[in-house]
Every structure is written in structure tokens, then in C-alpha cells.
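Chains X and Z, in that order, give the protein sequences. First residue of the first sequence? That's 1 in the working numbering, and the numbers climb one at a time after it. First residue of the second sequence? That's 239 in the working numbering, and the numbers climb one at a time after it. For reference, the structure discussed in these notes is given below.
Number of protein chains: 2
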Amino acid sequence: MGIKKKEVLERLIQFVKDQQLKRGDKLPPERELSVLLNVSRTTLREGLRMLEARGILISRRGSGIYLNRGADVFDSQPGAVPTDEDTVIKDHLEARFLIIPNIAACAAERADENEIKELQDCIVRLSRAIVSRELNALAESEADFFRLLAIMTKNHKLVGIVEQLNSGIEIFWDYFIKSDEFVNNVIFAGYVEVVNAIKRRDVTSASELVKRNIINFCEGLSRIKNIPCRDLFGLKKN
Amino acid sequence: MGIKKKEVLERLIQFVKDQQLKRGDKLPPERELSVLLNVSRTTLREGLRMLEARGILISRRGSGIYLNRGADVFDSQPGAVPTDEDTVIKDHLEARFLIIPNIAACAAERADENEIKELQDCIVRLSRAIVSRELNALAESEADFFRLLAIMTKNHKLVGIVEQLNSGIEIFWDYFIKSDEFVNNVIFAGYVEVVNAIKRRDVTSASELVKRNIINFCEGLSRIKNIPCRDLFGLKKN
DNA sequence: TAGTGGTCTAGACCACGCC
DNA sequence: GCGTGGTCTAGACCACTAG
Numbered sequence: 001m002g003i004k005k006k007e008v009l010e011r012l013i014q015f016v017k018d019q020q021l022k023r024g025d026k027l028p029p030e031r032e033l034s035v036l037l038n039v040s041r042t043t044l045r046e047g048l049r050m051l052e053a054r055g056i057l058i059s060r061r062g063s064g065i066y067l068n069r070g071a072d073v074f075d076s077q078p079g080a081v082p083t084d085e086d087t088v089i090k091d092h093l094e095a096r097f098l099i100i101p102n103i104a105a106c107a108a109e110r111a112d113e114n115e116i117k118e119l120q121d122c123i124v125r126l127s128r129a130i131v132s133r134e135l136n137a138l139a140e141s142e143a144d145f146f147r148l149l150a151i152m153t154k155n156h157k158l159v160g161i162v163e164q165l166n167s168g169i170e171i172f173w174d175y176f177i178k179s180d181e182f183v184n185n186v187i188f189a190g191y192v193e194v195v196n197a198i199k200r201r202d203v204t205s206a207s208e209l210v211k212r213n214i215i216n217f218c219e220g221l222s223r224i225k226n227i228p229c230r231d232l233f234g235l236k237k238n
Numbered sequence: 239m240g241i242k243k244k245e246v247l248e249r250l251i252q253f254v255k256d257q258q259l260k261r262g263d264k265l266p267p268e269r270e271l272s273v274l275l276n277v278s279r280t281t282l283r284e285g286l287r288m289l290e291a292r293g294i295l296i297s298r299r300g301s302g303i304y305l306n307r308g309a310d311v312f313d314s315q316p317g318a319v320p321t322d323e324d325t326v327i328k329d330h331l332e333a334r335f336l337i338i339p340n341i342a343a344c345a346a347e348r349a350d351e352n353e354i355k356e357l358q359d360c361i362v363r364l365s366r367a368i369v370s371r372e373l374n375a376l377a378e379s380e381a382d383f384f385r386l387l388a389i390m391t392k393n394h395k396l397v398g399i400v401e402q403l404n405s406g407i408e409i410f411w412d413y414f415i416k417s418d419e420f421v422n423n424v425i426f427a428g429y430v431e432v433v434n435a436i437k438r439r440d441v442t443s444a445s446e447l448v449k450r451n452i453i454n455f456c457e458g459l460s461r462i463k464n465i466p467c468r469d470l471f472g473l474k475k476n
């Protein structure tokens, strides 16, 4: 991310705090804000769009920009938008756990032969990346795996959501790649099982195996980092 | 959406088809593409970013832009990116059904008193919008409802995902608003029940009630439009 | 009609990848 | 070093909303 872009976010948050703006309050017009924050309007809008994607702002054409529910992050969180690494990783794993199993189940129901073939190719790439310890290839093929599951559902919205889930997750592979052989193999084996479940059209297994896999993942990570994984899985029955 | 932006998407898709580009193939550089498609680079990049968000493209800094898995949409779908209204609505409802129940369960576990108060206020706004038949207020407060659920989970990733889910859904309220009093009341009552479940910290009920609510919603809509709702709910047990 | 956000342009420099 | 995508600028016009 650019230097300016980050600065814009910080200054924007600082501005909201300084002005004691509350939910529903209106921000100054974009042209004015860009002068106040000392950036071009385009750059400002990049930042605004980012906050809009988090539900913090809402833009109304012809009217103005308003603070939204969710603006309270400014109070509780010091940095608000970029949080510490551990939190990002924890949030990501939890989001996976809550969302991917259902997508996998749906994929098992609707996948066609070509798509299953794709998924198998994806696993091959994944395994190559694991044995050769190639970070980028690993992150990419794993993202692909989830992307393919979403595509299998034939639901465009889900594709977009998985893409959002996949974004900004490069960090945690740094830790994973350092992990021991065992965890890698367990996790990889897990992916293979998921594909097999989908091949059999076994909806329930597909969902459960994905869950199991994410839990393995989490346990592997918690052995290296101090991420409390325990409280993530109280919702297992849902 | 702007005229140019739509044109860019169309021309981009046409370009990929004409050149017979397949997965993994590299697109021309941005500066070149912007000339080919006769738009500025900024505008082009808006379009590229949109396709990237759908997992169709992938940009590699210093290297190039590549077609990704998921590019097959060009084959199956005529328009590829913007599909017909019915499909958009169906996809949206299904995505809700697969994702929101788990988020509601998680919210029931973690919500604090202030947030529950917020949710109640939100319902009040929702009910006002329903009785007065204000389309925008209705869409907005319903989006808020889901947004608040995500915020309650204290998981930033989920907030982003719900925001993605909420986006681009203005259309289907057009239909809803024409619906009969009964459906409206049933749906509204459903929201109230969800809030009560969260208040009681009843994780299971929160999840189930949300599901029930989405099903009601779908049935209400299918009475007006010809949306096949039946096949959406084969995954109920997961 | 005035003011707002939305889109678009042409051009500049930066940071990374690859040779 | 060179080409690529990433960021940033300043300024223009369009489309919508509100008074």
C-alpha cells in the first residue's frame, strides 16, 4: 500500500476524532477534505472507499459523506483499520471457519466434472508449493482452492465474498512455512480429502472436512505463535 | 456505474475472447491496454480492479496481469459480469442463507449491551421504513442490521465480508416493497425474534431464526417474482 | 439552480520483478 | 537497467439531490 494512502486513512480517522463526529454526522465535501488532508481528491477517494468497504462511512451521491454504524471502531481500536498481526490472522481463520464449510457443501452439490478436475490440478500445485517451500505459490494456490470452491457453487456473490476473504492474508504464510512437516502433511492431506468428498457428492463430509482442516491449521499455527485457538470453535455444531 | 466503466468491462471481456486467452495467459500491459480500449489508464484500472475482485484477473507488480481460474465465466455467461436481475437476487439470498446464520450465532455469543441497544434502534428504524414504504430507508436499515451483527462478532474480516454481501442489492427491495402486509410483518417479526435470541445469548436460536427469516423472505419474493426458491434450501442441516 | 459525489483524463513518479 | 503494476496529481465534466 502506498505511503499517502496509509496517511490518508490515519489523518481521516484523526479528523473524525478531532471533530468529535458521531454516527450519522456529515463529513466535509470531498473537495474540501482533500485540501484539509493535503492530498488529491483521487487519493482521498481511495481512502474513503476503503472505509466504505468496512462499513464505517457511507456516501450519498448529491448529498454528502456520512459516518455509519461501525464508526465506533475509532473508540475501541487505536489503529482502527490496520490491526496487529495476530488479530488479523485470528479473524481470518475464524471467518474461514464460519464461511468456507457451507460453501464447500454447496460446491459438493453443484460441481461439474471440469471443475473437479481443476480442483485436483490446484492441489497438485499446492503440494508442489509445500514441498518446495515457495511462499507465494503456496498462498496463491490455496487462495485458488477456495476460489474454485466458490465458482463451483455457480453463485457470483459467493465468488466475490471468497475473494474478499482471500484478500490481505499473505502474512500468515510466513508462519506456516516455518512449521513442521507434520502439520504441512496433515493440512495437505485434508485438502485431498475435501476434493474426494466433493467427487463423491458427499455434502456433509465436504463441510466437516473443511472444518477439520481449518482446525488443524489453527492448531499448527498456535504451536508457533501464541494465538488462542480454543475460543474459535465454540460454534462447531452450527 | 459510469458509461465508460461498463464499456471498459465489455471491451475487456471481448478482448479476452478475441485473443482466445486462456487461464494463466498474460494480458498486455496497462498502458498498452488503455490505448487498445481507448480509455485512460485510471479508468482501465477501475475495470481491472473490478475483475480482480471477482477472481477473474490477478495483477503481479513488476510482472503483468494474468487470467485466473474463474475466467471460464466468459464461456458460460454471455454478459459475464452483470447477470440478469433474477440471478442476482437468487445469488444474494443464497449467500445470505449460507453466511448470516453463523454470524448471528457468533454475535449472540459476543455482543455487549451497547451493541444490542444499537440493534434494537436499528429495528425501530426498520419498522418505520416498512410502514411508510420508504425504499431507501428500508434497504439501508436492513443493511445496517447485518452490519451490526458483524460488528458484534468483533471480527474485522467478517465486517468486510458482510459489507461485500450488502453491496449492490438495491434492486430487490423494489419487489419487496410491493409485497403484501403479511410478508412484511412476518419478516419484521423475524428480526425482532433474532434480537431477542441475541439478548438471551441463545446461539442456536439466533442462527435458526435468521435462517427461518431468509426463507420467509424468499417465499415472499417468489410469490411475486418467479424465483425458484426450493433448491436454495437443501443445505438446511449444515 | 447550486453543490455534492461519481467518473474520466493525461501525465508523473515510485517500487517491485525480472533479465 | 528496464518494464511492469501501484500510487498520486490537478483539473474537467457528468448525474444526482436538495432547497
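Cβ atoms here follow ideal geometry from the backbone N, Cα and C, with glycine treated the same way.
Is the segment 445-454 of chain Z touching the segment 425-436 of chain Z, taking contact as three or more C-beta pairs under 8 Å?
yes
Boundaries (first-last residue) of the beta strand (DSSP E) holding L305(Z)
Here residue 305(Z) refers to the residue found at position 67 of the second sequence. That run of the beta strand (DSSP E) goes G302 to L305.
Do T391(Z) and I341(Z) have their C-beta atoms within less than 8 Å of each other?
Indexing the second sequence from 1 puts residue 391(Z) at position 153. Indexing the second sequence from 1 puts residue 341(Z) at position 103. Yes, Cβ-Cβ distance for T391(Z) and I341(Z) is below 8 Å.
Residues in the segment 150-168 of chain X with C-beta within 7 Å of chain Z's C-beta atoms, listed in sequence order?
I151, N155, H156, K157, L158, V159, G160, I161, E163, Q164 and L165
Residues from the segment 276-305 of chain Z in contact with chain X, defined by Cβ distance under 7 Å:
A291, R292 and G293
C-beta atoms of A346(Z) and R461(Z) nearer than 8 Å:
Numbered from its first residue, the second sequence carries residue 346(Z) at position 108. Numbered from its first residue, the second sequence carries residue 461(Z) at position 223. Result no, Cβ atoms of A346(Z) and R461(Z) do not sit closer than 8 Å.
Let me confirm a value: R366(Z) is counted as buried when at least 16 other C-beta atoms fall within 10 Å, else exposed. Which label applies?
Along the second sequence, read from residue 1 onward, the residue named residue 366(Z) stands at position 128. That one is exposed.
Report yes or no: is there a C-beta of chain X within less than 8 Å of the C-beta of D329(Z)?
The residue you call residue 329(Z) lines up with position 91 of the second sequence. Yes, D329(Z) lies at the interface with chain X (some Cβ there is under 8 Å from its Cβ).
Closer than 8 Å at the beta carbon, the chain Z residues around E30(X):
In the first sequence, residue 30(X) corresponds to position 30, counting from 1. Within 8 Å Cβ-Cβ: nothing; E30(X) doesn't reach chain Z, min ~16 Å.
Which bits of chain X does C456(Z) rub up against, with CB to CB less than 9 Å?
Taking the first residue of the second sequence as position 1, residue 456(Z) is located at position 218. The premise fails here: C456(Z) is roughly 14 Å from chain X at the closest Cβ pair, so nothing lies under 9 Å.
Using beta carbons (cut-off 8 Å, strictly below), is G317(Z) in contact with chain X?
Translated into positions along the second sequence, residue 317(Z) becomes position 79. Reliability of the predicted coordinates at G317(Z) is poor, the pLDDT of 42 falling under 50, and no value is obtained from them.
Residues that L98(X) contacts on chain Z, provided the C-beta gap is smaller than 8 Å
Residue numbering aside, residue 98(X) sits at position 98 when the first sequence is read from its first letter. Simply I337, N340, I341, C344 and L396.
For V186(X), I'd like the list of residues in its chain whose CB is within less than 8 Å of its CB, leaving aside the five on either flank, ordered along the chain.
As a first step, residue 186(X) must be located in the first sequence, where it is residue number 186. Excluding positions up to five away in sequence, the list reads N216 and G220.
Across the segment 379-388 of chain Z and the segment 355-365 of chain Z, are there enough close Cβ pairs to call them in contact, namely three or more that are closer than 8 Å?
yes
Cβ-based burial, P101(X) [other Cβ within 10 Å; buried from 16]
One-based indexing of the first sequence puts residue 101(X) at position 101. Buried, since its Cβ has 16 or more Cβ neighbours within 10 Å.
Within-8 Å CB hit, E94(X) to chain Z:
Position 94 of the first sequence, counted from the first residue, corresponds to residue 94(X). Chain Z, which has a Cβ nearer than 8 Å to the Cβ of E94(X), makes this yes.
Closest residue to I441(Z) among A343(Z), C456(Z) and L274(Z) (Cα-Cα distance)
Here residue 441(Z) is taken as the residue at index 203 of the second sequence, counted from 1. Contrary to the premise, residue 441(Z) reads as Val rather than Ile in this sequence. Checking every option, the nearest Cα to that of V441(Z) belongs to A343(Z).
Would R147(X) pass as an interface residue toward chain Z - the criterion being a Cβ-Cβ separation below 8 Å?
The residue you call residue 147(X) lines up with position 147 of the first sequence. Taking Cβ atoms only, chain Z reaches closer than 8 Å to R147(X), which makes this a yes.
From this set, A427(Z), K355(Z) and I407(Z), which residue's C-alpha is nearest I368(Z)'s C-alpha?
Numbered from its first residue, the second sequence carries residue 368(Z) at position 130. Out of A427(Z), K355(Z) and I407(Z), A427(Z) has the C-alpha closest to the C-alpha of I368(Z).
Of the choices H92(X), V192(X), G168(X) and E140(X), whose alpha-carbon is the least far from that of N393(Z)?
Within the second sequence, residue 393(Z) is the residue found at index 155, counting from 1. Comparing Cα positions, the closest option is H92(X).
Secondary structure of R292(Z), DSSP reduced to three states
Your numbering for residue 292(Z) matches position 54 in the second sequence. R292(Z): coil per DSSP, three-state reduction.
For the candidate residues A206(X), C218(X), R31(X) and R11(X), whose alpha-carbon lies nearest to that of A111(X)?
On the first sequence, position 111 is the one that residue 111(X) refers to. Ranking A206(X), C218(X), R31(X) and R11(X) by Cα distance to A111(X) puts A206(X) first.
Mapping the DSSP letters down to three states, classify V319(Z) as helix, strand or coil.
Residue mapping note: residue 319(Z) aligns to position 81 of the second sequence, counting from 1. Bear in mind that the predicted position of V319(Z) carries a pLDDT of just 48, short of 50, making it too unreliable to give a figure here.
Can you tell me where the alpha helix (DSSP H) with T263(Z) in it begins and where it stops?
Within the second sequence, residue 263(Z) is the residue found at index 25, counting from 1. What sits at residue 263(Z) in the sequence shown is Asp, not Thr. Element bounds for D263(Z): n/a, residue is neither H nor E.
According to the Cβ coordinates, are L274(Z) and A95(X) closer than 8 Å?
Residue numbering aside, residue 274(Z) sits at position 36 when the second sequence is read from its first letter. Residue numbering aside, residue 95(X) sits at position 95 when the first sequence is read from its first letter. No, these two residues do not count as a Cβ contact at 8 Å.
In chain order, each alpha helix (DSSP H) run of at least 4 residues that lies wholly inside the segment 110-168 of chain X:
113-132, 135-152 and 156-166
CA-to-CA distance, L387(Z) to L149(X), given in whole angstroms
Here residue 149(X) is taken as the residue at index 149 of the first sequence, counted from 1. Here residue 387(Z) is taken as the residue at index 149 of the second sequence, counted from 1. When rounded, the distance between both Cα atoms is 26 Å.
Please return the same chain residues whose Cβ sits closer than 6 Å to the Cβ of R11(X), not counting the five positions on each side in sequence.
The residue you call residue 11(X) lines up with position 11 of the first sequence. So the list reads L37, once near-sequence residues are dropped.
Pull up the CB-CB distance for R54(X) and E30(X), whole angstroms please, since I reckon it's below 8 Å.
Numbered from its first residue, the first sequence carries residue 54(X) at position 54. Numbered from its first residue, the first sequence carries residue 30(X) at position 30. The pair is not a contact, with the Cβ atoms about 18 Å apart (cut-off 8 Å).
Residues in the same chain with beta-carbon distance under 8 Å from R279(Z), minus the five sequence neighbours each way, listed in chain order, please.
Here the question's residue 279(Z) lines up with position 41 in the second sequence. Answer for R279(Z): E268, R269 and S272, listed in chain order.
When the Cα atoms are used, what is the spatial distance from G62(X) to K26(X)?
In the first sequence, counting from the first residue as 1, residue 62(X) sits at position 62. In the first sequence, counting from the first residue as 1, residue 26(X) sits at position 26. Their backbone Cα atoms lie some 13 Å apart in a straight line.
Comparing alpha-carbon positions, which option in F97(X), Q19(X) and G160(X) lies nearest C218(X)?
As a working note, residue 218(X) is residue 218 in the first sequence. Out of F97(X), Q19(X) and G160(X), F97(X) has the C-alpha closest to the C-alpha of C218(X).
Out of curiosity, what's the CA-to-CA distance linking R261(Z) and S59(X)?
Walking along the second sequence from the start, residue 261(Z) turns up at place 23. Walking along the first sequence from the start, residue 59(X) turns up at place 59. The straight-line gap from Cα to Cα measures roughly 36 Å.
Alpha carbons only, please: which of N422(Z), W411(Z) and E378(Z) is nearest the one belonging to E401(Z)?
Within the second sequence, the letter at position 163 stands for residue 401(Z). Here the closest residue by C-alpha is E378(Z).
Closest residue to E169(X) among G64(X), L135(X) and E52(X) (Cα-Cα distance):
Counted from its first residue, the first sequence places residue 169(X) at position 169. A small fix is needed here, since residue 169(X) is Ile in this sequence, not Glu. The shortest Cα separation from I169(X) among G64(X), L135(X) and E52(X) belongs to L135(X).
What residues are listed by DSSP as bridge partners for R60(X)?
On the first sequence, residue 60(X) is found 60 positions in, with the first residue counted as 1. The partner list for R60(X) (beta bridge, DSSP) reads G64(X).
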